[in-house]
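Chemist: Dropping a structure here in structure tokens format, bear with me for questions.
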Amino acid sequence: MRNLQGRLDLCSVNTATLGHREPLSVTIDRIAAAGFGGIAPWRHEVENANVAELARQLRAVGLSVTGYCRSTYLPATSREQFAANIDANKAALRDAATLGARCFVMVVGGLPEGSRDLDGARAQVIDGIGELLQTARDCGVPLALEPLHPMYAADRAVINTLAQALDICAELDPEHAGNLGVALDVYHCWWDPALRASIARAGQDERLLAFHVCDWLRETRDLLLDRGMMGDGVVDLSGIRRSVEHAGYDGLVEVEIFSKENWWRRDPDDVLRICAERLQNVC
Numbered sequence: 001m002r003n004l005q006g007r008l009d010l011c012s013v014n015t016a017t018l019g020h021r022e023p024l025s026v027t028i029d030r031i032a033a034a035g036f037g038g039i040a041p042w043r044h045e046v047e048n049a050n051v052a053e054l055a056r057q058l059r060a061v062g063l064s065v066t067g068y069c070r071s072t073y074l075p076a077t078s079r080e081q082f083a084a085n086i087d088a089n090k091a092a093l094r095d096a097a098t099l100g101a102r103c104f105v106m107v108v109g110g111l112p113e114g115s116r117d118l119d120g121a122r123a124q125v126i127d128g129i130g131e132l133l134q135t136a137r138d139c140g141v142p143l144a145l146e147p148l149h150p151m152y153a154a155d156r157a158v159i160n161t162l163a164q165a166l167d168i169c170a171e172l173d174p175e176h177a178g179n180l181g182v183a184l185d186v187y188h189c190w191w192d193p194a195l196r197a198s199i200a201r202a203g204q205d206e207r208l209l210a211f212h213v214c215d216w217l218r219e220t221r222d223l224l225l226d227r228g229m230m231g232d233g234v235v236d237l238s239g240i241r242r243s244v245e246h247a248g249y250d251g252l253v254e255v256e257i258f259s260k261e262n263w264w265r266r267d268p269d270d271v272l273r274i275c276a277e278r279l280q281n282v283c
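If you're matching positions, the sequence shown starts at 1 in the UniProt record's numbering and goes up one per residue.
Set out below in structure tokens:
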């Protein structure tokens with residue numbers, strides 16, 4: 001396992017960690033000044049700005065883009081809406097290419113409004129990913145399927161385990177063309193009894209595209225917006241990273257914390273300082 005001491009160049013900050021309180025151009029400079037090697041921006045920050053100018057700024061400060069967050073949800077109640085969702089994701093992939101993103105993070109969506117058809121939603125997800133593969137190939141930006149904790153199956157993601165995501169990769173990309181893989185976020189996967197076996201499989205199949213860290217608080221107050229800073233919860237972060245890197249992952253370790261009542265209220269530079277400390281001493 002790599003030693004992160006003094007190696008913030010091996011670490012990335014997902015901009016959600018700072019609460020999206022400042023323009024992305026300011027956040028880019030802040031993260032670079034703190035010594036991190038990478039950044040993962042969100043679409044609403046990019047689409048409201050000049051994408052080409054942001055790309056130039058990122059190159060100028062030497063930040064790599066570890067991922068572009070995130071996809072438009074795929075399942076829909078009509079073919080017209082489904083097609084619109086595909087088009088929105090294709091446009092986002094083109095922006096991801098302009099930014100030089102290492103992957104486009106796919107949070108695939110839950111059940112369409114009013115639906116109880118879980119199998120149907122999952123079928124739409126597979127169809128949608130299949131329709132996006134050629135654009136991903138053309139753009140040179142692989143799709144990274146991010147399984148979310150099962151508590152999000154209704155509204156955010158009907159892909160809920162790493163094994164399930166890998167099964168979809170194997171179905172749609174059996175030749176391992178390099179356009180489809182997974183993003184492993186410890187917040188969503190730490191509980192999975194099959195996690196270590198799935199990580200090993202992902203490494204063997206060369207599917208590990210992104211690795212996100214935070215912590216799960218024992219007394220979580222909000223299942224979406226109360227993630228913990230690394231070391232404040234119950235996740236064996238170093239153990240999971242050891243498995244991920246043993247499986248061959250050599251990308252950056254990305255901090256992603258949603259914390260409306262805690263970390264998003266703090267000074268951004270203090271948040272980055274604490275992220276840096278915990279990455280080097282806890283993860």
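All residues carry an ideal CB built from backbone N, CA and C; glycine is no exception. If you're wondering where the values come from, they're calculated on a predicted model, not measured in any experiment.
May I have the straight-line CA-CA distance separating Val-125 from Val-13, to the nearest angstrom?
Modeler: 28 Å
Chemist: Tell me, which residues are paired with Ala-121 by DSSP?
Modeler: Partner(s): none; Ala-121 has no beta bridge.
Chemist: In whole angstroms, what separates the C-alpha of Ala-194 from that of Ala-163?
Modeler: 8 Å
Chemist: Under the DSSP definition of a beta bridge, which residues are partnered with Ser-259?
Modeler: Asp-226
Chemist: Flag this pair as touching only if the segment 232-251 and the segment 185-193 have three or more C-beta atom pairs under 8 Å; answer yes or no.
Modeler: The segment 232-251 is in contact with the segment 185-193.
Chemist: If I'm right that Thr-98 touches Ala-52 with Cβ under 8 Å, what's the distance once you round it to whole angstroms?
Modeler: 6 Å
Chemist: Which residues in the same chain as Ala-200 place their Cβ atom closer than 7 Å to its Cβ, once the five residues preceding and following it in sequence are excluded?
Modeler: Ala-247
Chemist: From what residue to what residue does the alpha helix (DSSP H) around Cys-275 run?
Modeler: 268-281
Chemist: What does DSSP give as the partner residue(s) for Glu-254 in the beta ladder?
Modeler: DSSP lists Ser-12, His-212 as partners of Glu-254.
Chemist: Checking 7 Å against the spacing of the C-beta atoms, do Ala-154 and Leu-148 come in under that value?
Modeler: It is not a contact, given that the beta carbons lie outside the stated cut-off.
Chemist: Does the distance from the CB of Cys-169 to the CB of Arg-207 come in under 7 Å?
Modeler: yes
Chemist: When the Cα atoms are used, what is the spatial distance from Cys-139 to Asn-281?
Modeler: When rounded, the distance between both Cα atoms is 37 Å.
Chemist: Using 8 Å for Cβ pairs, my map puts Leu-252 next to Cys-11. What's the rounded Cβ distance?
Modeler: 6 Å
Chemist: Pair every Cβ in the segment 64-79 with every Cβ in the segment 38-56, then say whether three or more of these pairs are closer than 8 Å.
Modeler: yes
Chemist: I need the DSSP call for Trp-264, collapsed to helix, strand or coil.
Modeler: helix
Chemist: Where in the segment 63-135 do unbroken runs of the alpha helix (DSSP H), each at least 4 residues long, occur, reported from the N-terminal end onward?
Modeler: 79-99
Chemist: May I ask you to report which of helix, strand or coil DSSP gives Ala-163?
Modeler: Residue state, collapsed to three classes: helix.
Chemist: I need the boundaries of the beta strand (DSSP E) containing Ala-49, first residue and last residue.
Modeler: Neither: Ala-49 is in no beta strand (DSSP E) and is coded neither H nor E.
Chemist: Strictly by DSSP, which residues pair up with Asp-185?
Modeler: His-212
Chemist: I need the straight-line Cα distance from Asp-250 to Ala-123, nearest angstrom please.
Modeler: 32 Å
Chemist: Quick check on the DSSP output: the beta strand (DSSP E) that includes Gly-38 runs from which residue to which?
Modeler: 38-40
Chemist: For Arg-2, which residues in the same chain have their Cβ closer than 7 Å to its Cβ, ignoring the five residues on either side in sequence?
Modeler: When the five nearest sequence neighbours on each side are left out, the beta carbons in the same chain lying within less than 7 Å of the beta carbon of Arg-2 are those of Leu-10, Glu-245, in order along the chain.
Chemist: Count the other C-beta atoms from every protein chain shown that fall within 10 angstroms of the C-beta of Leu-224, then say buried if there are 16 or more, exposed otherwise.
Modeler: exposed
Chemist: Please report how far the alpha carbon of Val-234 lies from the alpha carbon of Arg-218, in whole angstroms.
Modeler: 7 Å
Chemist: In chain order, what residues of the same chain have a beta carbon less than 7 Å from the beta carbon of Val-271, not counting five sequence neighbours either side?
Modeler: Thr-17, Leu-18, Trp-263
Chemist: Just to confirm, are Leu-132 and Asn-179 a CB contact at a threshold of 7 Å?
Modeler: no
Chemist: Is Pro-75 near Ala-121, with beta carbons less than 7 Å apart?
Modeler: Yes, the Cβ-Cβ distance between Pro-75 and Ala-121 is below 7 Å.
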